[in-house]
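Please read the structure below before turning to the comments.
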Amino acid sequence: MTDLATHLARLDGHLARFRDRGILNLIGGESRPALSGATFDTRSPVDESLIARVALGDAADIDAAARAAKAAFPAWAALEGAKRKAILHRIADLIEERAEEIALCECWDTGQAWRFMSKAALRGAENFRYFADLAPQARDGQALPTATHLNVTSRSPIGPVGVITPWNTPFMLSTWKIAPALAAGCTIVHKPAEFSPLTARLLAEICLEAGLPPGVLNLVNGMGEGAGKALTEHPDIKAIAFVGESRTGSMIMKQGADTLKRVHFELGGKNPVVVFDDADLDRALDAVIFMIYSLNGERCTSSSRLLVQNTIADDFHTRLVERVNAIRVGHPLDPATEIGPLIHKTHFDKVTGYVAIGQQDGATLAAGGTRVGDQGWFVRPTLFTHATPQMRIAQEEIFGPVLTSLSFADEDEALAIANGVPYGLTGYVWTNDLTRALRFSQGLEAGMIWVNSENVRHLPTPFGGVKNSGIGRDGAKWSFEFYMEQKNTAFALGQHKIQRLGV
Ligand code: NAD
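Okay, so the sequence shown: first residue is 1 according to full-length UniProt numbering, each after it adds one.
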């Protein structure tokens, strides 16, 4: 296994060119600074050191990128599915070849631990392969005959689209949006999160090297209220695929109203994991810990609310505390590390702010809550017990390694607590009673539910949330429904009766 020192040495080699030249935008196949010449700094959450200066794109850069995407659209949309498939597989090949570089850069830029990011890079390649194989069928429609007409449906790509991504697992999430859009035949302007621009640049370079024609994928770095807003308002951009906070989704909907943008939103969550007393408690414990403390808790599908049946709550908490206190917080590039630093000071302040709020509101701080070291944004994994459903730590998305535990007496109470938040992304249910599992998951307000399991994603299934957690679904044909228009053509089969007016 490679160690921290080896990782750091390799990372240094990969970052050298960014230190020298900065992270540039990529528009129409050309690497360019922002038209204004402005830059912003991206710093590592490990020690706040400067990683690189990044082109600070604004409305003018977005306009240039949207024009490039518009110009590239007709040829890309017309390209045979088999050729799009070949290019997407080539992108996946190159991601695999550079998986280590991508993972090292991702860890350093975001603070995510190596043990998870090395797999996330490969997962990005899988996303490309999956949609590559679907590309030849993207246009397929149906024949829907009636007695008088043959209706034939077909799909065509909607046009240039905007992709706006967050900072938590930026590479994987970018591939999740970009791969289906390309498979559908759309061209793209990507605005990655300002806190983590490194791997979006690597992906754009890989796509170009793999033979994606210039202008098909354009990259503009910048702030949400600058480049992001301009992208959502641009008349040549037909749809916005957005992953981020619910509040930002709401802003994007307003910003896109004048140009009637189609939107796909993957937003926040406050997901429940419900543990009944008849469950396999050893496995439930492992899953509860994994689903909140992996990826630094900066995970939309994290189970940030534990609902545990009161008959087992005390024992379960005792075991939980012991394990949470043993979680290894450390350098994200150390293979032994389980939790790295939070992305940024503003986020660190938000997460630790909730530690204070939880205590003020009367919950018991049973583990963690403290900063680790005096450099970087490291925080001990945190557990609150004896919380009540209306406390802010039980209602609001903290998006860090903070678990809020609530107890319940019976199924009805558990369901009421589980559904009693504005979000509805995922739910996790632990019980060995089959009928209860069926009944309970039917009542849960969530887009995705796992029973006796942590989050295990299968790419053909629909991914997305209900309530304030999102609009629309990713995955297989659900992605194509967003990135494509449907057309129905009705052919008369004979001499059906046409009403005659004015005869
Ligand atoms: P964020 O909403 O602050 O930012 C996301 C992106 O939106 C960034 O690129 C940002 O620059 C941009 N943006 C901000 N304001 C904008 C505006 N007015 N117009 C256009 N773009 C704008 O989110 P974040 O803090 O980067 O990410 C964390 C959030 O993402 C959490 O709420 C998390 O749950 C959510 N998330 C959801 C999923 C999911 O699949 N549901 C997955 C990952 C993360």
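Note that CB positions come from ideal geometry on N, CA and C, so glycine has one too. Everything numeric in this text was worked out from a predicted model, so none of it was measured.
Confirm the yes/no value for this check: CB of residue i, any heavy atom of ligand 1, distance under 8 Å.
i                 : result
residue 575       : The structure shown does not extend to residue 575, since the chain spans only 1 to 503, so no value can be given for it.
phenylalanine 276 : no
aspartate 472     : Per the sequence shown, the amino acid found at residue 472 is glycine instead of aspartate. It does not: the Cβ of glycine 472 is nowhere closer than 8 Å to a heavy atom of ligand 1.
serine 246        : yes
glutamate 225     : yes
arginine 299      : yes
threonine 232     : yes
phenylalanine 316 : no
leucine 267       : yes
isoleucine 393    : no
valine 243        : yes
lysine 191        : yes
methionine 251    : yes
How about residue i and residue j: do their beta carbons lie closer than 9 Å?
i                 : j                 : result
threonine 382     : leucine 403       : yes
phenylalanine 399 : histidine 344     : no
tryptophan 430    : phenylalanine 195 : no
leucine 219       : isoleucine 27     : yes
residue 505       : leucine 425       : Nothing about residue 505 can be read from this structure; the chain reaches only from 1 to 503.
proline 332       : tryptophan 108    : yes
alanine 52        : aspartate 61      : no
glycine 222       : aspartate 58      : yes
glutamate 97      : proline 170       : no
leucine 24        : alanine 55        : yes
aspartate 334     : leucine 11        : no
isoleucine 289    : isoleucine 252    : no
In angstroms with no decimal places, state the Cα-to-Cα distance between residue i and residue j.
i              : j              : result
arginine 115   : valine 152     : 49 Å
isoleucine 498 : isoleucine 188 : 45 Å
threonine 259  : proline 160    : 13 Å
arginine 473   : leucine 501    : 46 Å
glycine 368    : aspartate 63   : 47 Å
serine 49      : valine 243     : 27 Å
serine 36      : glycine 29     : 19 Å
proline 389    : alanine 313    : 16 Å
glutamate 101  : glycine 340    : 18 Å
proline 462    : alanine 476    : 8 Å
alanine 147    : arginine 155   : 24 Å
valine 355     : aspartate 361  : 10 Å
isoleucine 91  : cysteine 207   : 6 Å
glutamate 298  : arginine 139   : 36 Å
glutamine 395  : lysine 270     : 7 Å
alanine 34     : alanine 125    : 29 Å
proline 460    : glutamine 442  : 21 Å
lysine 191     : alanine 135    : 24 Å
proline 157    : glutamate 80   : 13 Å
Taking only beta-carbon atoms, is residue i less than 9 Å away from chain D?
i             : result
glutamine 486 : The structure shown contains no chain D, having only a single protein chain.
Which partner residues of residue i appear in the DSSP bridge assignment?
i              : result
histidine 190  : Val163, Leu219
methionine 484 : Pro157
aspartate 474  : Phe463
Contact check, residue i vs residue j under 8 Å by CB: the rounded distance?
i             : j              : result
serine 469    : tyrosine 428   : That belief does not hold up - the Cβ atoms of serine 469 and tyrosine 428 are roughly 15 Å apart, past 8 Å.
aspartate 280 : arginine 67    : The pair is not a contact, with the Cβ atoms about 57 Å apart (cut-off 8 Å).
glycine 162   : alanine 71     : Contact flag wrong, Cβ pair sits at about 16 Å.
glycine 226   : isoleucine 164 : So it is not a contact: roughly 12 Å between Cβ atoms.
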